[in-house]
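Numbering-wise (this note's numbering), the sequence shown opens with residue 11 and increments by one. Even glycine gets a Cβ: it sits at the ideal position worked out from N, Cα and C. Please read the structure below before turning to the comments.
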Amino acid sequence: LLKTKFTDLVGCEFPIQQAGIGGIATPSLASAVANAGALGMLGLGGIQDDPQWVERWLVETKNLTKKKFGANFIPAETFLTDLSVIRDSVELASKIANVVEFFYRKPDPSLVELVHKGGALASWQVGSKEESIAAADAGCDFIIAQGVEAGGHVRGRVGLVTILSEVLDSVSSTIPVLAAGGIGSGRAMAAALSAGASGVRVGTRFVAAEECPAHPDYVKALIESKAEDTVLTETFSYGWPNAPHRVLRSCVEAAQSFKGDVVGRTKAYGSEEWYAVQRFESLAIAKETEGAIAAMPHWAGESVSYVRRVQPAADIVKELSSEAEMILNNTHLRSSGY
Ligand SMILES: Cc1cc2nc3c(=O)[nH]c(=O)nc-3n(C[C@H](O)[C@H](O)[C@H](O)COP(=O)(O)O)c2cc1C
Numbered sequence: 011l012l013k014t015k016f017t018d019l020v021g022c023e024f025p026i027q028q029a030g031i032g033g034i035a036t037p038s039l040a041s042a043v044a045n046a047g048a049l050g051m052l053g054l055g056g057i058q059d060d061p062q063w064v065e066r067w068l069v070e071t072k073n074l075t076k077k078k079f080g081a082n083f084i085p086a087e088t089f090l091t092d093l094s095v096i097r098d099s100v101e102l103a104s105k106i107a108n109v110v111e112f113f114y115r116k117p118d119p120s121l122v123e124l125v126h127k128g129g130a131l132a133s134w135q136v137g138s139k140e141e142s143i144a145a146a147d148a149g150c151d152f153i154i155a156q157g158v159e160a161g162g163h164v165r166g167r168v169g170l171v172t173i174l175s176e177v178l179d180s181v182s183s184t185i186p187v188l189a190a191g192g193i194g195s196g197r198a199m200a201a202a203l204s205a206g207a208s209g210v211r212v213g214t215r216f217v218a219a220e221e222c223p224a225h226p227d228y229v230k231a232l233i234e235s236k237a238e239d240t241v242l243t244e245t246f247s248y249g250w251p252n253a254p255h256r257v258l259r260s261c262v263e264a265a266q267s268f269k270g271d272v273v274g275r276t277k278a279y280g281s282e283e284w285y286a287v288q289r290f291e292s293l294a295i296a297k298e299t300e301g302a303i304a305a306m307p308h309w310a311g312e313s314v315s316y317v318r319r320v321q322p323a324a325d326i327v328k329e330l331s332s333e334a335e336m337i338l339n340n341t342h343l344r345s346s347g348y
């Protein structure tokens with residue numbers, strides 16, 4: 011089996027982390043991934059300043075799995091100036107989840123300390139060599155290197171192979187480094203592991219998991235798209251400015267030609283409260299979302315080429331890991347001409 015420093019550290023079976031896809035990485039998805047033997051993650055970004063809500067998601071997940079799962083926070087500098095608003099939620103998460111991680115802020119030792127105090131492992135998704143050194147200095151237990159191929163918000167500015175090499179060369183070899191961005195196949199997973207990654211972080215593929223409450227029109231668009239249909243843009247900056255993101259080009263065009271300020275309405279998972287979705291708003295298109303779905307952000311990484319059907323999360327984990335294992339076992343045959 012694919013045992014790595016990451017699987018040893020976290021205690022999961024496969025070196026795969028499901029990305030914390032904010033809003034739609036709900037207890038159903040995180041627990042399904044965890045039950046499949048990978049690291050399932052809750053995407054808490056949209057509710058992170060509401061500890062009671064965060065606790066509900068955490069407890070619900072804990073009731074659905076006995077395996078390891080994590081919690082993802084987005085303390086982005088551009089919309090969260092005061093870290094104290096998420097401290098209670100981070101503290102709770104650290105006591106209930108096994109991993110607590112952060113994205114889109116310079117690594118912060120006080121958050122890492124808080125996570126360790128609660129008893130969880132701390133990690134940070136980074137987009138540069140400098141950020142990875144800061145994450146290691148802050149005391150993170152593992153680090154995720156994100157390449158520009160990634161779906162959703164993108165911190166990385168260069169390709170995955172480049173950033174992964176730079177991060178691996180910059181931090182102690184005792185710290186597991188995961189690779190994120192464009193990994194949709196076992197072949198891509200094998201490439202990352204061969205290059206020295208201790209695991210992969212996968213986002214876009216899990217949007218099409220049966221247990222993910224993404225809107226069916228969004229999932230259909232992913233299934234019909236290829237890597238070249240994605241674009242890195244700052245179009246969907248309402249609510250989260252100065253943060254490039256990768257989406258399907260079609261939704262950029264639809265949002266730009268939409269007439270009016272409000273494109274629809276939605277409610278967050280676990281809430282009965284509807285709110286209006288603004289044009290160019292950064293949000294996850296959930297099953298409940300109504301309106302001009304095509305003009306809302308269709309987050310997608312270059313890995314979208316490998317989103318081919320809706321399938322159980324366990325099948326995604328199995329497909330990626332068994333293909334990667336087969337390729338890694340046969341690499342010597344390939345390289346000697348077989
Ligand atoms: C739909 C979607 C939502 C995302 N939301 C988050 C998030 O809430 N927090 C986070 O840390 N990363 C988020 N990301 C980025 C992922 O962490 C990861 O870097 C990315 O999915 C990797 O590329 P891939 O989509 O090609 O697998 C999101 C990605 C996608 C596709």
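Task: Stretch pair the segment 208-219 + the segment 168-178: three plus CB contacts closer than 8 Å - done: no
- [ ] Could you work out which residue in T71, V64, A302 and F246 is closest to V95 when comparing CA atoms only?
- [x] V64
TODO: Might you give, ordered along the chain, the residues of its own chain that have their beta carbon closer than 7 Å to the beta carbon of I57, omitting 5 neighbours on each side?
DONE: W63, V64 and A278
TODO: Assuming E111 and W134 form a contact by the criterion Cβ under 8 Å, report the distance between their Cβ atoms to the nearest whole angstrom.
DONE: 6 Å
Task: Beta-carbon contacts of E333 that lie in its chain and below 7 Å, excluding the five residues immediately before and after - done: S195, G196 and R197
TODO: Determine the DSSP secondary structure at E220, reduced to helix, strand or coil.
DONE: coil
- [ ] Throw me the rounded Cβ distance for the H163 and A253 pair, which I believe falls under 8 Å.
- [x] 5 Å
Task: 8 Å contact criterion, which A29 and A190 should meet: CB distance rounded - done: 7 Å
- [ ] Measure the C-alpha to C-alpha separation of L131 and G80 and round it to an integer number of angstroms.
- [x] 9 Å
Open item on the list: Quick check: T276 and V262, are their CB atoms within less than 8 Å of each other?
Closed with: no
Open item on the list: What residue range does the alpha helix (DSSP H) around V232 cover?
Closed with: In the sequence under discussion, the amino acid at residue 232 is Leu, which differs from the Val named in the question. Taken as a continuous stretch (DSSP letters only), the alpha helix (DSSP H) holding L232 covers P226 to I233.
TODO: State buried or exposed for E291, treating a residue as buried only when at least 16 other CB atoms are found within 10 Å of its CB.
DONE: buried
Open item on the list: Could you check if I31 belongs to the surroundings of ligand 1, using beta carbon to heavy atom distance under 7 Å?
Closed with: yes
Open item on the list: The alpha helix (DSSP H) that contains I31, what's its start and end?
Closed with: From DSSP, I31 is part of no alpha helix (DSSP H); its letter is neither H nor E.
TODO: Would you give the residue range spanned by the alpha helix (DSSP H) that L68 belongs to?
DONE: P61 to L74
Task: Coil, strand or helix - Q266 by DSSP - done: helix
Task: Y114, DSSP secondary structure in three states - done: coil
- [ ] Since I believe R259 is in contact with K311 (beta carbons under 8 Å), could you give me their beta-carbon distance rounded to a whole number of angstroms?
- [x] It is worth fixing the name first, because residue 311 is Gly in this sequence and not Lys. So it is not a contact: roughly 14 Å between Cβ atoms.
- [ ] Quickly, what does DSSP pair I26 with across the bridge? List them, please.
- [x] V210
Task: Reference G349; option with closest CA among I154, D92 and C150 - done: Given a span of 11 to 348 for the chain in the structure shown, any question on residue 349 remains unanswerable.
Task: Cutoff 7 Å; reference R115; Cβ partners in own chain excluding five residues on either side - done: P85, A86 and E87
- [ ] Write down the C-beta distance between E335 and L19 rounded to the nearest angstrom, noting that I regard them as a contact closer than 8 Å.
- [x] So it is not a contact: roughly 20 Å between Cβ atoms.
Task: C-beta contact flag for S99 and P61 at 8 Å - done: yes
- [ ] With I84 as the anchor, note down where its beta strand (DSSP E) starts and where it stops.
- [x] Premise fails: I84 is in no beta strand (DSSP E) and is neither H nor E.
Task: G50: first and last residue of the uninterrupted beta strand (DSSP E) it sits in - done: G50 to G53
Task: As assigned by DSSP and simplified to three states, the class of Y316 - done: helix
Task: Through-space distance from E140 to D179, alpha-carbon basis - done: 12 Å
TODO: Consult DSSP for S183 and reduce its assignment to one of helix, strand or coil.
DONE: coil
Open item on the list: For G347, which residues in the same chain have their Cβ closer than 7 Å to its Cβ, ignoring the five residues on either side in sequence?
Closed with: Here the model assigns G347 a pLDDT of 47, short of 50, so the residue's position is not dependable, and the following value carries that caveat. There are no such residues.
TODO: Note down the Cα distance separating F113 from A302, rounded to an integer number of angstroms.
DONE: 29 Å
Task: Coarse secondary structure for I295, derived from DSSP in three states - done: coil
TODO: May I ask you to verify whether the segment 308-324 touches the segment 226-234, counting CB pairs closer than 8 Å and requiring at least 3?
DONE: yes
Open item on the list: What would DSSP say about I193, mapped onto helix, strand or coil?
Closed with: coil
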